[in-house]
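Asks: This is the structure, below, for whatever I ask next.
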Amino acid sequence: MTDTPPDPKSSQTNALGFDEFIGILVAFATVGAILFWSFSRKESGWNFNSLLLPDSGSVASPNTLPKQTAPNVESRQQLSTSVEDKLPVVTPEPSVNFTTLPQQQAPSLPFTINKTIPLVIPEQKSTIPPPITFTDVPGDFWARRFIDALSSRNIIKGYQDYTFRPNQPVTRAEFAAIVEQAFGKEVGKTKSTIAFKDIPSQFWANSAIDQAISIGFLKGYPNKVFRPQQRIPRVQVLVALTSGMNLNVPDSPTQILSFYRDAKVIPNYATNKIAAATVNDLVINYPNTKTLNPNKEATRAEVAAMVYQALVRTGRLNAIESEYIVKAPN
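Going by this note's numbering, the first residue of the sequence shown is number 28, and it counts up by one from there.
This is how it looks when you write it as C-alpha cells:
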C-alpha cells in the first residue's frame, strides 16, 4: 500500500503563506495610522493654508493666521456673471434646408418709346446718264454745256443720224414737247385743254400741247387755232417760260428793257414778261448780250439754253457760267 501525494491546488487555497501575512499586517497598520492622524487633526478645521503659503523665512503660528471667512454667494454670482459676459456668445447657426429653386428668366424691363422714331431712308442719288454725243455740236460751241445737260436728262433729243441741228428753228409743237419733258411732271394742272381746230386727232404732239397749255406755259391764237408748225420766235419762248413759272413783274420794266439796243421792237404784250425774264437770268443772247432779237426765230440751241436757265431758277439744276447770260442792270 502506497501514499498518494497531496493535491497542489488544495494546498494553495487553504494554507496562508508568510508573505501574505506580512502584507496584511502592513496594510492594517497603514490604515490605522491614517485614521489616527485624521482624528488628531480634527481640531484644526482641516486648514491646509499653511501647506499652500510660501515659506517667508519663519513659520507662522496658527494663532496669527487670518481667519478664513466663508465664501460669499453673491460675489460668486457676480463673478460667474462677469465671466459669462466675457465669454463669447456662440449663436448656433440655424439649419438651412437647401431647396433647388426653379430657374426663372430675368424680368424684362419696361421700355416705352414716347416719341416715334422716323424711318430714315438714305436718299439715293439719281444716276444721270452721259450726254448724247452729237456729231454736229463741237466742243467749243457756245451752247454745248446746256445741250449736254438737257440731253443727258432726256429733256431734249437729237435725230436718228446722231445730229442735234443746233441752229435749226423750233416749231411751236416741238417747243411744247420740250416743255412737257422739262416741266410737265413737276407742275400741277392749272388750266383746261382746248380742242384746237388746226391740230389733227392723231397729231404726234397732241398730248404735249395739251400739257403745255394746262400748266400755263403756252396759249393758242384766237378762233381756237394753235399753229403747231409755226416757228416760235424768241419772244414767245421767254413769255412762255415766264408765264409757266409765274415770275413777278419787276417794279421798273421800262428801265430794265433799256439795256437792250433793240428794246423798241419788243411787242407791247411782252414787255413786262421780258423784263421779268431778264431779272431772273432767263435771257441768253448770242453773240451779243445787248441785242435781244425778240422776233427772230428761236434756234434749238437757244431754246435749250433758255430752258436750262429756267430749271436753274426752279432749283433743279446748277448754274452754268456763260458770258451770254444777260445780267439785269442795277
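For each residue, glycine too, the CB sits at the ideal point set by N, CA and C.
Rounded to a whole number of angstroms, what is the C-alpha to C-alpha distance between proline 81 and leucine 62?
Replies: Position 54 of the sequence shown holds residue 81. Position 35 of the sequence shown holds residue 62. Unreliable placement is indicated for proline 81, whose pLDDT of 49 sits below 50; no coordinate value is reported for it.
Asks: When we look at the beta-carbon of leucine 52 and count the other beta-carbons within 10 Å, is it buried (16 or more) or exposed?
Replies: Residue numbering aside, residue 52 sits at position 25 when the sequence shown is read from its first letter. Exposed: under 16 other Cβ atoms inside 10 Å.
Asks: Count the other C-beta atoms from every protein chain shown that fall within 10 angstroms of the C-beta of proline 249, then say buried if there are 16 or more, exposed otherwise.
Replies: In the sequence shown, counting from the first residue as 1, residue 249 sits at position 222. Exposed, by the Cβ-count rule.
Asks: Quick check on the DSSP output: the alpha helix (DSSP H) that includes serine 279 runs from which residue to which?
Replies: By 1-based counting over the sequence shown, the position of residue 279 is 252. No alpha helix (DSSP H) contains serine 279, which DSSP labels as neither H nor E.
Asks: Mind checking proline 321: buried by the 16 CB within 10 Å criterion, or exposed?
Replies: As a working note, residue 321 is residue 294 in the sequence shown. Answer is buried; the Cβ neighbour count reaches 16.
Asks: Could you check the C-alpha separation between glutamate 358 and asparagine 345 for me, to the nearest Å?
Replies: Here the chain covers residues 28 to 357 and nothing more, so residue 358 does not appear.
Asks: Hey, quick one: how far does the alpha helix (DSSP H) through isoleucine 352 stretch, first residue to last?
Replies: Taking the first residue of the sequence shown as position 1, residue 352 is located at position 325. That residue, isoleucine 352, is in no alpha helix (DSSP H); it is neither H nor E in DSSP.
Asks: Hey, could you find the ends of the alpha helix (DSSP H) asparagine 299 is sitting in?
Replies: In the sequence shown, counting from the first residue as 1, residue 299 sits at position 272. From DSSP, the alpha helix (DSSP H) with asparagine 299 extends over 298-306.
Asks: For valine 276, which residues from the same chain have a beta carbon less than 7 Å from its beta carbon, with the 5 sequence-adjacent residues on both sides left out?
Replies: Translated into positions along the sequence shown, residue 276 becomes position 249. These residues qualify, in order along the chain: Asn299, Ala302 and Ala303.
Asks: Exposed or buried, what is aspartate 188 when buried is set at 16 or more other beta-carbons lying within 10 Å of its beta-carbon?
Replies: In the sequence shown, counting from the first residue as 1, residue 188 sits at position 161. It is exposed - the Cβ of aspartate 188 has fewer than 16 other Cβ atoms within 10 Å.
Asks: Taking just the CA atoms, how far does phenylalanine 55 sit from proline 93?
Replies: Along the sequence shown, read from residue 1 onward, the residue named residue 93 stands at position 66. Along the sequence shown, read from residue 1 onward, the residue named residue 55 stands at position 28. In this prediction, proline 93 scores a pLDDT of 48, lower than 50, which makes its location untrustworthy; the coordinate-derived value is nonetheless stated afterwards. Looking at the two C-alpha atoms, the distance is approximately 38 Å.
Asks: Look up arginine 172 in the DSSP assignment and say whether it is helix, strand or coil.
Replies: Within the sequence shown, the letter at position 145 stands for residue 172. Here arginine 172 sits in helix by DSSP.
Asks: Could you have a look at arginine 258 and say whether DSSP puts it in helix, strand or coil?
Replies: Here the question's residue 258 lines up with position 231 in the sequence shown. Here arginine 258 sits in strand by DSSP.
Asks: Take alanine 337 and list the residues in its own chain whose beta-carbon comes closer than 7 Å to its own, dropping the five residues that flank it on each side.
Replies: The count along the sequence shown starts at 1 and reaches residue 337 at position 310. Here the set comprises Leu268, Met272 and Leu309.
Asks: Using three-state DSSP, classify tyrosine 287 as helix, strand or coil.
Replies: As a first step, residue 287 is located in the sequence shown; it is residue number 260 there, counting from the start. Reduced to three states, the DSSP call for tyrosine 287 is coil.
Asks: Please confirm whether glutamine 278 and proline 255 have their CB atoms less than 8 Å apart.
Replies: Numbered from its first residue, the sequence shown carries residue 278 at position 251. Numbered from its first residue, the sequence shown carries residue 255 at position 228. Correcting the residue type first, residue 278 is aspartate in the shown sequence and not glutamine. No, the Cβ-Cβ distance between aspartate 278 and proline 255 is not below 8 Å.
Asks: In angstroms with no decimal places, state the Cα-to-Cα distance between threonine 326 and glycine 247.
Replies: Residue numbering aside, residue 326 sits at position 299 when the sequence shown is read from its first letter. Residue numbering aside, residue 247 sits at position 220 when the sequence shown is read from its first letter. Each residue's alpha carbon lies about 21 Å from the other.
Asks: Look at the alpha carbon of serine 241 and the alpha carbon of alanine 232, and state the distance between them as a whole number of angstroms.
Replies: To locate residue 241, count along the sequence shown from 1; it is residue 214. To locate residue 232, count along the sequence shown from 1; it is residue 205. For serine 241 and alanine 232, the distance between alpha carbons rounds to 14 Å.
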